[in-house]
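Residue numbers (the numbering used here): 579 to 1020. From the three backbone atoms N, C-alpha and C, an ideal C-beta is built for every residue, glycine too.
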Amino acid sequence: MELKFQTEKKENSQIQLSVTIDKNEIASQYKELLNETQKNIVMNGFRKGKVPLSIIETKYKKALLAEVAHKLVDKSYQEIFEKLEDKPLATSTPTLDDIEEIKLDSDFTYKITYETYPTITFGEYKNIEIEKDEITASEKDISEEINRYLSEFSSIETKDSQIEDGDIALIEYKVFEGDTEIESKDNEYVHIGKDYDKYKIGKELIGLKSSDTKDFKKKFTDKDGDAFAGKTYKFKATVKEVKVEKKPELTDELAKQIDKTVETAEAFKNKVKENLEHYAADTTKQKAIDKIMDKIIKTFKGVVPQSMIDAQIDSYYKELLQKVGGDEKRANNMLSLEGLNKETYREKMKEKATNAIQRSLILNEIIKKESIKATEEDIKAHINKFAKFYNLNTNDLFDNYKKNNQLAMFEGEVEIEKAIDIIYNSLKAKKINKLSLKELDD
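Here you go:
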């Protein structure tokens, strides 16, 4: 196609593409469309395919030129796309913002604006100073984790004594805001210490017995969600029944039932300990990486395209939908508990989305600066991580992906990991915080 084009950088990571198509191209496309129209048009007084071109032009020239313009814009844009140095983002929809009236005796010009990958700068990413956490799994941590497994095999029994932490209480209660009753429940199970209940009132029930009644107040904070934050409610709760969870003893047989890869209770305990230690190491590393990235992001300069932000927020909303089985009504109900709707949720997530994109842009730039490349051995090691988790053979998986030309799908993940390792391995710990596993989770 005979054409010329040029690009001009605009604000906010936008590019304006100006295209001029030669008039000879217009004439050629118009003639082709006119002849095609003649073959198919039906008009009174003429046989199909025999309507004179002059009559068709008199009646349909404007419409034909409009169709030519549409085809030329589409065809020329596709041709130019591969030649563009700054290509449109996959998340961006180009906007046709200036188009001349198309004529047969002159060149045709149009302009398109689109968002492109942003140009960014940031500060030093090596030798960053942070406070680093250090943790080991204690015997108490291991015991609590084993108890979580044993809970799946527990029996529930009624007890007559006072409610203790970990018990399950069947209660009826009323909730008051001021002197106005706002909610009541006749049969509500509260698992003490688990905070599964709506108002998280389990701790207030400790020490009560069946048939006891208690009046109390609870002041809610920002940690309790937007719907409750800053409010104080009065409660009137009556205990109807108290149940206790009876856990079985960990035996070799039960250990094998819980985890088919072990033969003894001792082996199961060792595996739990190993898993907790890996979890602690991975989590402390991730916390350190987050601290480093937060420092680097503060030095970020550049404009994150709006379409990238919108796409990131879309992914957050899809994750929310997945949690409720794709039920949008349930998702909206979850949002309403926090005083949000879909629109205000998107606004709330904007800062998080922007931060996530800045992080990704920085890591991709580090990959370029450090000339990071993923080798087949790197990819095999990466595949091994989830192969072990699902008890699959690493070599079989790798060979299958390679045979189907699918190794490239892992390259980006491996290169990001390598970039993260560069900044993590160079960090300077100005202080070591020794934490328990519980403090780490908090």
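DSSP three-state assignment for residue 607, whether helix, strand or coil: Looking up residue 607 in the sequence shown gives position 29. Looking at residue 607 - three-state DSSP - the assignment turns out to be helix.
Three-way DSSP call (helix, strand, coil) for residue 864 in this model: What you label residue 864 is simply residue 286 of the sequence shown in a count that begins at 1. Note: residue 864 maps to helix in three-state DSSP.
The stretch 989-1003 / the stretch 951-966 touching (three or more Cβ pairs under 8 Å): Yes, they touch.
Residue 796 - containing beta strand (DSSP E), residue span: Here residue 796 refers to the residue found at position 218 of the sequence shown. It spans 791-797 - the beta strand (DSSP E) in which residue 796 sits, taken as one unbroken run.
Delimiting residues of the alpha helix (DSSP H) encompassing residue 833: Translated into positions along the sequence shown, residue 833 becomes position 255. Per DSSP, residue 833 belongs to the alpha helix (DSSP H) from 830-836.
The beta strand (DSSP E) enclosing residue 598, as first and last residue numbers: Reading the sequence shown from its first residue, position 20 is the one you call residue 598. Note, residue 598: beta strand (DSSP E), 592-599.
Buried/exposed call for residue 647, threshold 16 Cβ in 10 Å: The residue given as residue 647 occupies position 69 in the sequence shown. Counting Cβ neighbours within 10 Å, residue 647 comes out buried, since at least 16 surround it.
Residue 643 versus 876, 619 and 612, residue with shortest Cα-Cα distance: Reading the sequence shown from its first residue, position 65 is the one you call residue 643. It is 612 whose Cα lies nearest to the Cα of residue 643.
Residue 785 vs residue 740 beta-carbon contact at 7 Å: Sequence index remark: in the sequence shown, residue 785 carries index 207 (1-based). Sequence index remark: in the sequence shown, residue 740 carries index 162 (1-based). Cβ distance < 7 Å, so residue 785 and residue 740 count as in contact.
First through last residue of the beta strand (DSSP E) which encompasses residue 736: Against the sequence shown, residue 736 aligns to sequence position 158. Looking at the DSSP string, the run of the beta strand (DSSP E) that includes residue 736 is 733-736.
Three-state secondary structure (DSSP) of residue 773: Residue mapping note: residue 773 aligns to position 195 of the sequence shown, counting from 1. Residue 773 falls in the coil class under three-state DSSP.
Reduced DSSP category for residue 767 - H, G, I as helix; E, B as strand; rest coil: Residue mapping note: residue 767 aligns to position 189 of the sequence shown, counting from 1. Of the three classes helix, strand and coil, the one that applies to residue 767 here is strand, per DSSP.
Residue interval of the beta strand (DSSP E) (run including residue 823): Here residue 823 refers to the residue found at position 245 of the sequence shown. Counting along the chain, the beta strand (DSSP E) containing residue 823 begins and ends at 810-824.
Own chain, CB closer than 6 Å to residue 712, minus 5 neighbours either side, in chain order: Counted from its first residue, the sequence shown places residue 712 at position 134. So the qualifying residues of the chain are 1010 and 1012.
Local Cβ density within 10 Å of residue 1033, reported as buried at 16 or more and exposed below that: No answer is possible for residue 1033: the residues shown for the chain start at 579 and end at 1020.
Alpha carbon of residue 856 to alpha carbon of residue 714, nearest angstrom: Translated into positions along the sequence shown, residue 856 becomes position 278. Translated into positions along the sequence shown, residue 714 becomes position 136. If you draw a straight line from the Cα of residue 856 to the Cα of residue 714, it comes to about 10 Å.
Residue environment, residue 630, which counts as buried when at least 16 other CB atoms sit within 10 Å: Against the sequence shown, residue 630 aligns to sequence position 52. Exposed, since its Cβ has fewer than 16 Cβ neighbours within 10 Å.
Residue range of the beta strand (DSSP E) that includes residue 967: Locating residue 967 in the sequence shown gives position 389, counting from the first residue. That residue, residue 967, is in no beta strand (DSSP E); its alpha helix (DSSP H) goes 954-967.
Integer-rounded CB distance, given that residue 849 should sit under 8 Å from residue 837: On the sequence shown, position 259 is the one that residue 837 refers to. On the sequence shown, position 271 is the one that residue 849 refers to. That pair is a contact at about 7 Å.
Alpha helix (DSSP H) segment containing residue 892, residue limits: Locating residue 892 in the sequence shown gives position 314, counting from the first residue. First-last of the alpha helix (DSSP H) with residue 892: 884-901.
Alpha carbon of residue 609 to alpha carbon of residue 587, nearest angstrom: By 1-based counting over the sequence shown, the position of residue 609 is 31. By 1-based counting over the sequence shown, the position of residue 587 is 9. Residue 609 and residue 587: Cα-Cα distance of roughly 36 Å.
Counterpart residues of residue 652 in DSSP-defined beta bridges: In the sequence shown, residue 652 corresponds to position 74, counting from 1. Residue pairing by DSSP places residue 652 in no beta bridge whatsoever.
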